[in-house]
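Visitor:
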Amino acid sequence: MSELPRPQIDEISRPYWEGLEQGRLLYQHCRSCGHNWLPARQTCSACLSTQLEWLQSRGQGRIVSWVVYHVAYHDALKDRLPYDVTLVELAEGPRVLTNIVNSRGGKALRIDARVDLAIEREGDMSLARFRLVEDAAP
Amino acid sequence: MRGRTVIAGIGHTAYGKHPGRDRVSLIVEAVGNALVDAGIEKSRLDGVLVKMANSEPSFLYGQRVAEALGLRPKLGCSLDQGGAANIALISYAAMAIEAGMAEAVVVCYGDTPRTGSRAVFNRPRGDEAIYGWYSVAAGYGLIHQAYRHTYDAEERGFGAVAVTCRANGARNPNAQLRKPLSMDEYLASPWVVEPLRRDDCCLVSDGAAAVIMTSAKLAREWGIRALVPILGFGQGQESWDVQHRPDLTSTMARASAETAYRMAGLGPSDIDVAQIYDCFTIAVLMTLEDYGFCKPGQAGPFCREGALPFNTSGGLLSETGTPGLQLVIEGVRQMRGTANLQVRNARHCIVSNQGGTMQTHGTLILGAPG
Numbered sequence: 056m057s058e059l060p061r062p063q064i065d066e067i068s069r070p071y072w073e074g075l076e077q078g079r080l081l082y083q084h085c086r087s088c089g090h091n092w093l094p095a096r097q098t099c100s101a102c103l104s105t106q107l108e109w110l111q112s113r114g115q116g117r118i119v120s121w122v123v124y125h126v127a128y129h130d131a132l133k134d135r136l137p138y139d140v141t142l143v144e145l146a147e148g149p150r151v152l153t154n155i156v157n158s159r160g161g162k163a164l165r166i167d168a169r170v171d172l173a174i175e176r177e178g179d180m181s182l183a184r185f186r187l188v189e190d191a192a193p
Numbered sequence: 018m019r020g021r022t023v024i025a026g027i028g029h030t031a032y033g034k035h036p037g038r039d040r041v042s043l044i045v046e047a048v049g050n051a052l053v054d055a056g057i058e059k060s061r062l063d064g065v066l067v068k069m070a071n072s073e074p075s076f077l078y079g080q081r082v083a084e085a086l087g088l089r090p091k092l093g094c095s096l097d098q099g100g101a102a103n104i105a106l107i108s109y110a111a112m113a114i115e116a117g118m119a120e121a122v123v124v125c126y127g128d129t130p131r132t133g134s135r136a137v138f139n140r141p142r143g144d145e146a147i148y149g150w151y152s153v154a155a156g157y158g159l160i161h162q163a164y165r166h167t168y169d170a171e172e173r174g175f176g177a178v179a180v181t182c183r184a185n186g187a188r189n190p191n192a193q194l195r196k197p198l199s200m201d202e203y204l205a206s207p208w209v210v211e212p213l214r215r216d217d218c219c220l221v222s223d224g225a226a227a228v229i230m231t232s233a234k235l236a237r238e239w240g241i242r243a244l245v246p247i248l249g250f251g252q253g254q255e256s257w258d259v260q261h262r263p264d265l266t267s268t269m270a271r272a273s274a275e276t277a278y279r280m281a282g283l284g285p286s287d288i289d290v291a292q293i294y295d296c297f298t299i300a301v302l303m304t305l306e307d308y309g310f311c312k313p314g315q316a317g318p319f320c321r322e323g324a325l326p327f328n329t330s331g332g333l334l335s336e337t338g339t340p341g342l343q344l345v346i347e348g349v350r351q352m353r354g355t356a357n358l359q360v361r362n363a364r365h366c367i368v369s370n371q372g373g374t375m376q377t378h379g380t381l382i383l384g385a386p387g
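For the protein sequence lines, the chains are A and B, in the order given.
Using our numbering, you'd call the opening residue of the first sequence number 56 and step up by one each time.
Using our numbering, you'd call the opening residue of the second sequence number 18 and step up by one each time.
Put into structure tokens, the structure is as follows:
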């Protein structure tokens with residue numbers, strides 16, 4: 056069975072992926088205007104500054120939307136079916152696509168439900184998955 | 018700009034499967050049909066504007082198409098905006114004609130994803146593929162889901178779009194999919210990427226289409242009879258990919274329409290028929306709202322009431338999944354009074370095109386001749 060395509064890790068995005076390896080979810084912060092974002096880039100899209108730094112997210116967010124796959128677009132995804140891909144907005148602002156580890160095949164997901172970071176190993180990589188906060192689950 | 022340029026000819030190939038055909042040869046066939054429709058010689062064309070092929074972006078593609086047409090035009094390019102490129106090119110052609118840069122411009126598109134590769138539709142989506150983020154449909158699924166929850170929108174509203182397009186396509190002898198769809202069948206159709214059902218998703222098609230534009234003045238000199246004036250156009254760019262977009266339930270389609278309405282001196286209440294880009298049903302609902310035909314969240318009931326005739330040849334859901342130029346062609350037919358499902362006394366038609374996961378949008382307003 057072939058593997059899923061791996062993220063293109065380069066000099067710009069390396070701190071993000073290394074952060075996950077160390078159990079931390081990092082995002083980029085503009086020291087000039089305060090804008091926060093992901094994925095990594097070399098300039099701030101709000102004020103165009105290059106004065107950027109990486110900060111650690113508290114790992115708390117809310118669900119903006121999600122989809123549930125019932126068809127595998129890659130052989131390596133067949134065992135996951137049905138699985139969710141969920142759009143989460145971090146408390147600090149950046150939005151990430153992720154999986155919710157206790158989504159029950161998507162059935163437990165709700166818009167605005169609170170989620171917490173739950174970093175998981177996937178092969179030799181660490182991924183920023185999330186977990187529905189207990190009291191937010193139906 | 019209003020009415021100073023016209024669409025003078027339309028042409029397309031058969032829609033569906035073209036095994037063994039090269040996409041450029043399909044474009045040549047469509048342009049040939051448009052020249053016959055306009056009744057002008059190929060040598061009149063001094064502009065060749067081509068929408069990039071979705072399934073194989075390439076360098077100097079506009080020049081390759083012009084070469085296949087045996088032309089050395091003054092204007093030539095290909096444009097990448099996904100499905101919005103057709104209307105964008107029509108608007109650039111209108112401005113170029115108005116500026117005296119060209120006299121007769123063909124805007125064209127062709128592709129062969131049905132018999133060729135569908136990989137572009139099913140592709141892994143960047144660094145998030147490792148989370149299982151695949152396919153064009155999934156991005157629209159995120160928008161569909163957000164819309165459904167924001168407005169507590171019922172599934173039958175999405176279904177009304179699919180049922181309408183399929184009913185119109187069933188009555189179009191040139192449509193690729195001529196099987197009508199009932200609401201019960203829609204609601205029972207299987208998930209592709211939930212919340213998208215199979216019948217929320219457009220066709221995958223081989224085919225090509227072309228429109229020929231010129232100035233109203235030259236068209237009359239050349240004796241072209243069925244001139245359809247271009248009354249207004251606009252564009253709007255959403256830029257951010259869907260996951261980073263601050264608002265999922267409205268796009269720059271609103272700005273695109275406002276620009277087109279202002280140019281045309283018209284508003285939503287002046288529009289008699291619409292051709293709305295229906296790659297997925299959610300795109301139609303949001304476009305109708307952003308175009309001012311109904312309030313946010315109300316497009317489902319609006320479609321169920323049949324308040325505005327739309328996608329009268331079946332749209333991407335039924336006529337052909339080719340991205341967008343067929344909607345312009347059907348708009349021209351409606352304005353000429355020659356459409357298969359002709360809207361009586363239709364004077365103004367609005368057409369939408371969009372691309373990517375709603376990153377790009379174009380609006381065109383056509384008028385009746387004379």
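All residues carry an ideal CB built from backbone N, CA and C; glycine is no exception.
Only counting runs of 3 or more residues, tell me where the beta strand (DSSP E) segments fall wholly within the segment 142 to 187 of chain A, in order along the chain.
Guide: Counting whole runs of 3 or more residues, the segment 142 to 187 of chain A contains the beta strand (DSSP E) stretches 150 to 153, 169 to 177 and 180 to 187.
Visitor: Can you find a CB in chain B that lies within less than 7 angstroms of the CB of ILE166/A?
Guide: The residue labelled residue 166/A in the question sits at position 111 within the first sequence. Taking Cβ atoms only, chain B reaches closer than 7 angstroms to ILE166/A, which makes this a yes.
Visitor: Run through the segment 281 to 315 of chain B for me and flag every whole alpha helix (DSSP H) of 4 or more residues, listed as ranges in chain order.
Guide: List check, alpha helix (DSSP H) in window: 298 to 307.
Visitor: In or out: PHE297/B buried (at least 16 other Cβ within 10 Å) or exposed?
Guide: Within the second sequence, the letter at position 280 stands for residue 297/B. By the 10 Å Cβ count, PHE297/B comes out buried.
Visitor: Report all residues from its chain with a CB closer than 8 angstroms to the CB of GLU58/A; omit the five preceding and five following residues, and keep chain order.
Guide: Locating residue 58/A in the first sequence gives position 3, counting from the first residue. The answer, listed in chain order, is ALA131 and GLY178.
Visitor: With a CB to CB cut of under 8 angstroms and the five nearest residues on each side skipped, what residues in its chain are close to GLN254/B?
Guide: By 1-based counting over the second sequence, the position of residue 254/B is 237. Result list for GLN254/B: MET269, GLN376, THR377 and HIS378, in chain order.
Visitor: Does the beta carbon of VAL156/A come closer than 7 angstroms to any beta carbon on chain B?
Guide: In the first sequence, counting from the first residue as 1, residue 156/A sits at position 101. Not one chain B Cβ lies under 7 angstroms of VAL156/A.
Visitor: Closest by CA to LEU198/B, which one among VAL209/B, ASN191/B and ARG214/B?
Guide: For the purposes of this step, residue 198/B is taken as the residue at position 181 of the second sequence. Of the candidates VAL209/B, ASN191/B and ARG214/B, the one whose C-alpha sits nearest the C-alpha of LEU198/B is ARG214/B.
Visitor: Can you look up GLU322/B in the DSSP assignment and give me helix, strand or coil?
Guide: As a working note, residue 322/B is residue 305 in the second sequence. Correct three-state label for GLU322/B: helix.
Visitor: What is the DSSP secondary structure of ALA91/B, reduced to helix, strand or coil?
Guide: Counting from one through the second sequence, the residue named residue 91/B turns up at place 74. For the record, residue 91/B in the displayed sequence is Lys; it is not Ala. Residue state, collapsed to three classes: coil.
Visitor: As an exercise, report each continuous beta strand (DSSP E) stretch of at least 3 residues that is fully enclosed by the segment 84 to 152 of chain A, in chain order.
Guide: The segment 84 to 152 of chain A contains these whole beta strand (DSSP E) runs: 107 to 111, 115 to 124 and 138 to 145.
Visitor: Of all Cβ atoms in chain B, is any one closer than 7 angstroms to the Cβ of THR153/A?
Guide: Residue numbering aside, residue 153/A sits at position 98 when the first sequence is read from its first letter. Yes - at least one Cβ of chain B is within 7 angstroms of the one on THR153/A.
Visitor: Compare the C-beta of ALA163/B against all C-beta atoms of chain A and say whether one is closer than 7 angstroms.
Guide: Against the second sequence, residue 163/B aligns to sequence position 146. Closer than 7 angstroms: yes.
Visitor: Taking DSSP as the reference, what is the three-state secondary structure of CYS219/B?
Guide: For this step, residue 219/B is matched to residue 202 along the second sequence. CYS219/B: coil per DSSP, three-state reduction.
Visitor: Quick check on ALA205/B: buried or exposed, where buried means 16 or more other Cβ atoms within 10 Å of its Cβ?
Guide: Looking up residue 205/B in the second sequence gives position 188. That one is exposed.
Visitor: Should the segment 141 to 156 of chain A be regarded as contacting the segment 104 to 124 of chain A, the criterion being three or more beta carbon pairs within less than 8 angstroms?
Guide: With a cut-off of 8 angstroms, the segment 104 to 124 of chain A and the segment 141 to 156 of chain A count as touching, because enough Cβ pairs lie within range.
Visitor: For the alpha helix (DSSP H) that contains MET200/B, what are its first and last residues?
Guide: Walking along the second sequence from the start, residue 200/B turns up at place 183. Here the alpha helix (DSSP H) through MET200/B covers 200 to 205.
Visitor: Might you give, ordered along the chain, the residues of its own chain that have their beta carbon closer than 7 angstroms to the beta carbon of LEU394/B, omitting 5 neighbours on each side?
Guide: Outside the displayed span of chain B (18 to 387) sits residue 394/B, for which this structure offers no information.
Visitor: Hey, out of ALA177/B, LEU194/B, LEU88/B and ARG89/B, whose CA is closest to SER335/B's CA?
Guide: For the purposes of this step, residue 335/B is identified with residue 318 of the second sequence, where counting begins at 1. Ranking the options by Cα distance to SER335/B, first place goes to LEU194/B.
Visitor: Nearest-angstrom Cα distance between PRO386/B and ARG159/A?
Guide: Within the second sequence, numbered from 1, the residue matching residue 386/B stands at position 369. Within the first sequence, numbered from 1, the residue matching residue 159/A stands at position 104. Distance between the alpha carbons of PRO386/B and ARG159/A is about 58 angstroms.
Visitor: Can you grab the Cα-Cα spacing for the pair ARG69/A / GLY99/B, in whole Å?
Guide: Counting from one through the first sequence, the residue named residue 69/A turns up at place 14. Counting from one through the second sequence, the residue named residue 99/B turns up at place 82. Near 30 angstroms, if we compare the C-alpha coordinates of GLY99/B and ARG69/A.
Visitor: Where does the unbroken alpha helix (DSSP H) through TYR168/B begin, and where does it stop?
Guide: Start at 1 with the first residue of the second sequence, and residue 168/B comes out as number 151. Note, TYR168/B: alpha helix (DSSP H), 153 to 168.
Visitor: Report the option in HIS90/A, GLY116/A, PRO94/A and LEU80/A whose CA atom is closest to the CA atom of SER104/A.
Guide: Taking the first residue of the first sequence as 1, we reach residue 104/A at position 49. That would be HIS90/A, whose Cα lies nearest to the Cα of SER104/A.
Visitor: If you follow the alpha helix (DSSP H) that ILE346/B is part of, which residue opens it and which one closes it?
Guide: Walking along the second sequence from the start, residue 346/B turns up at place 329. Element bounds for ILE346/B: 342 to 353.
Visitor: Spatial neighbours of PHE327/B within its chain, please: C-beta separation below 6 angstroms, excluding the five flanking residues on both sides.
Guide: Taking the second sequence and counting its residues from 1, the one referred to as residue 327/B is at position 310. So the qualifying residues of the chain are ALA291 and ILE293.
Visitor: Name, going along the chain, the residues of the segment 131 to 154 of chain B whose beta-carbon falls closer than 7 angstroms to a beta-carbon of chain A.
Guide: Listed in sequence order: ASN139, PRO141, ASP144, GLU145, ALA146, ILE147, TYR148, GLY149, TRP150, TYR151 and SER152.
Visitor: In chain order, what residues of the same chain lie with their CB nearer than 6 angstroms to the CB of LEU342/B, ignoring the 5 residues before and after it?
Guide: If you number the second sequence from 1, residue 342/B lands on position 325. Once the five neighbours on either side are set aside, the close Cβ partners of LEU342/B are ASN103, TYR126 and ALA226.
Visitor: Do GLY249/B and MET280/B have their beta-carbon atoms positioned less than 7 angstroms apart in this structure?
Guide: Locating residue 280/B in the second sequence gives position 263, counting from the first residue. Locating residue 249/B in the second sequence gives position 232, counting from the first residue. It is a contact, given that the beta carbons lie within the stated cut-off.
Visitor: Compute the Euclidean distance between the alpha carbons of PRO90/B and GLU238/B, then round it to the nearest angstrom.
Guide: Position 73 of the second sequence, counting from 1, holds the residue named residue 90/B. Position 221 of the second sequence, counting from 1, holds the residue named residue 238/B. PRO90/B and GLU238/B: Cα-Cα distance of roughly 21 angstroms.
Visitor: In its own chain, which residues sit with a C-beta less than 6 angstroms from the C-beta of PRO246/B, not counting the 5 before and 5 after it?
Guide: Stepping through the second sequence from its first residue, residue 246/B is reached at position 229. Here the set comprises GLY20, VAL23 and GLY384.
Visitor: Does the CB of VAL143/A have a neighbour CB from chain C at under 7 angstroms?
Guide: This model lacks chain C altogether; the protein chains it does include are A and B.
Visitor: Whole angstroms are fine: how far does the CA of GLY224/B sit from the CA of ARG173/B?
Guide: Mapped onto the second sequence, residue 173/B falls at position 156. Mapped onto the second sequence, residue 224/B falls at position 207. About 31 angstroms.
Visitor: Can you give the beta carbon distance from ILE241/B to ALA55/B, rounded, assuming they're within the 8 angstroms contact cut?
Guide: Taking the first residue of the second sequence as position 1, residue 241/B is located at position 224. Taking the first residue of the second sequence as position 1, residue 55/B is located at position 38. The pair is a contact, with the Cβ atoms about 6 angstroms apart (cut-off 8 angstroms).
Visitor: What does TYR82/A touch in chain B if you count any residue whose Cβ is under 7 angstroms from its own?
Guide: Position 27 of the first sequence holds residue 82/A. Here the premise fails: no neighbours, minimum Cβ distance about 12 angstroms.
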